[in-house]
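One structure is given below, encoded as structure tokens.
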Amino acid sequence: MASPRRMLVAGNWKMNPPTEAEALVLAAELRAAVTPRGGVKVVICPPTIWLETAGRAMDGSGISIGAQTMHWSAQGAYTGETSPAMLDGVATHVIIGHSERRQYDGETDEGVGRKVASAVEYGLVPIAAVGERLDERQAGAAEAVIDRQLHAALSRLERLAPGGMAIAYEPVWAIGTGEAASPDDAQAAAAQIRAILRERFEDEADSIPILYGGSVTADNAAAIFAERDVDGALVGGASLKVDQFAAIVRAAAAAHAAR
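Residue numbers for the sequence shown follow the numbering used here, beginning at 2 and rising by one.
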């Protein structure tokens with residue numbers, strides 16, 4: 002019997018904290034509280050300006066560093082952007098296509114596909130985010146949105162890179178609202194994503210972790226992780242709360258051990 006997929010818990014700090022001193026305190030507290038365990042990969046994703054600071058704080062801890070976004074080009078006239086080449090040696094993972102980037106920064110399906118392919122080319126592990134808005138869900142279009150966004154994210158990949166990738170299902174209506182998707186809804190979306198991945202990568206698709214994101218807490222993580230196609234979480238607000246994040250990592254380890 003094949004070994005179960007490794008779980009992945011990624012903490013997205015978003016635009017927090019505001020100072021380097023606070024970033025160092027948060028990183029140090031997370032390092033002390035979070036113990037990466039066999040079967041669980043832990044990644045923290047600070048703002049770009051704190052990537053090196055957090056990386057130094059996590060050196061030797063087993064906790065990896067991820068960026069929250071990147072441009073698809075290695076260099077060029079893209080004011081304010083960070084290239085995949087600049088992330089070399091600073092981050093191992095990168096979130097791509099988060100709904101806040103789509104909503105506030107005009108990120109498109111086509112751009113997400115370019116960024117995913119570029120991340121893979123430069124040896125980064127992309128965490129590609131997909132998910133529907135509330136109006137889309139109410140209109141019965143959730144499956145179509147996931148299908149469109151995921152196919153676009155994979156459109157420029159010719160192969161699955163050795164470092165792999167992850168897909169995060171983040172229903173927009175659940176992000177920061179305190180209203181997480183039910184475990185059944187998370188599983189339904191994850192199963193749809195898994196089927197699309199198998200169409201593209203065949204048996205290799207079973208190695209790709211599918212994460213749930215959207216108001217993940219220590220209280221609901223275990224139930225969500227118990228679903229067969231959910232392999233961890235992309236955690237927002239709770240990643241800034243050390244006890245909460247540590248509990249979510251423990252829930253992921255327990256879920257992996259039970260598989």
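The beta-carbon is built from N, C-alpha and C at its ideal position, and this holds for glycine as well.
Using 9 Å as the threshold, is the C-beta distance between residue i and residue j below it?
| i | j | result |
| --- | --- | --- |
| D230 | A192 | yes |
| L52 | A86 | no |
| M59 | S119 | no |
| H99 | E180 | no |
| A253 | A222 | yes |
| L125 | A68 | yes |
| A75 | I128 | no |
| A11 | V41 | no |
| Q188 | E144 | no |
| P18 | L198 | no |
| T49 | T83 | yes |
| A234 | F226 | yes |
| K178 | S208 | Here residue 178 turns out to be Thr, not Lys, going by the sequence shown. Not in contact: T178 and S208 (Cβ atoms no closer than 9 Å). |
| G132 | Q150 | yes |
| I194 | I176 | no |
| N13 | G141 | no |
| E158 | V117 | The displayed chain sequence assigns Leu, not Glu, to residue 158. Yes, the pair counts as a contact, with Cβ atoms nearer than the cut-off. |
| V113 | M166 | no |
Decide if residue i is buried, meaning its Cβ has at least 16 other Cβ atoms within 10 Å, or exposed.
| i | result |
| --- | --- |
| D185 | exposed |
| P163 | exposed |
| F246 | buried |
| M2 | Confidence at M2 is low in this model, with a pLDDT of 38, below 50, so the placement of that residue is unreliable and no value is reported for it. |
| D232 | buried |
| G39 | exposed |
| A22 | exposed |
| G107 | exposed |
| Y79 | exposed |
| G77 | exposed |
| R138 | buried |
| T20 | exposed |
| E203 | exposed |
| E101 | buried |
| A196 | exposed |
Which residue from the options puts its Cα closest to that of residue i?
| i | options | result |
| --- | --- | --- |
| A154 | R115, A247 and G67 | R115 |
| R32 | G63, H152 and R160 | G63 |
| K15 | S156, Y213, V95 and G112 | V95 |
| C46 | P37, A24, T178 and E108 | A24 |
| A28 | Y105, I66, M8 and R6 | I66 |
| D1 | R7, E30, R57 and G237 | Shown here, the chain extends from 2 to 260; a query on residue 1 therefore has no answer. |
| H152 | R138, A190, R201 and E137 | R201 |
| A259 | G237, V236, A224 and A248 | A224 |
| G237 | T218, L9 and R102 | T218 |
| E111 | R7, S156, V146 and G81 | S156 |
Under the assumption that residue i contacts residue j (Cβ atoms under 8 Å), give the Cβ distance between them as a whole number of angstroms.
| i | j | result |
| --- | --- | --- |
| I97 | A55 | Wrong, their Cβ atoms sit about 19 Å apart, outside the cutoff. |
| R134 | W73 | Rounded, the Cβ-Cβ distance is 25 Å, inconsistent with contact. |
| V250 | V26 | With 8 Å as the limit, V250 and V26 do not qualify as a contact, their Cβ atoms being about 19 Å apart. |
| P37 | H257 | Actually they are not in contact, since the Cβ atoms of P37 and H257 sit about 12 Å apart, beyond 8 Å. |
| D148 | Y123 | About 27 Å separates the two Cβ atoms, so there is no contact after all. |
Is residue i close to chain C? Criterion is C-beta to C-beta, closer than 9 Å.
| i | result |
| --- | --- |
| I50 | Here there is only one protein chain, and chain C is not present. |
(request) Return the chain-ordered ranges of every alpha helix (DSSP H) run that is complete within the stretch 183-231 and spans a minimum of 4 residues. (result) For the stretch 183-231, whole alpha helix (DSSP H) runs of length 4 or above, ordered along the chain, are 184-202 and 222-226.
(request) Could you name each continuous beta strand (DSSP E) segment of 3 residues or more that falls completely within the stretch 50-90, going from the start of the chain to the end? (result) Here the runs fully enclosed are 65-68.
(request) Please specify which runs of the alpha helix (DSSP H), each continuous and at least 4 residues long, are wholly inside the stretch 102-167, giving them in chain order. (result) Counting only runs that start and end inside the stretch 102-167, the alpha helix (DSSP H) elements of at least 4 residues fall at 110-122, 135-139 and 143-155.
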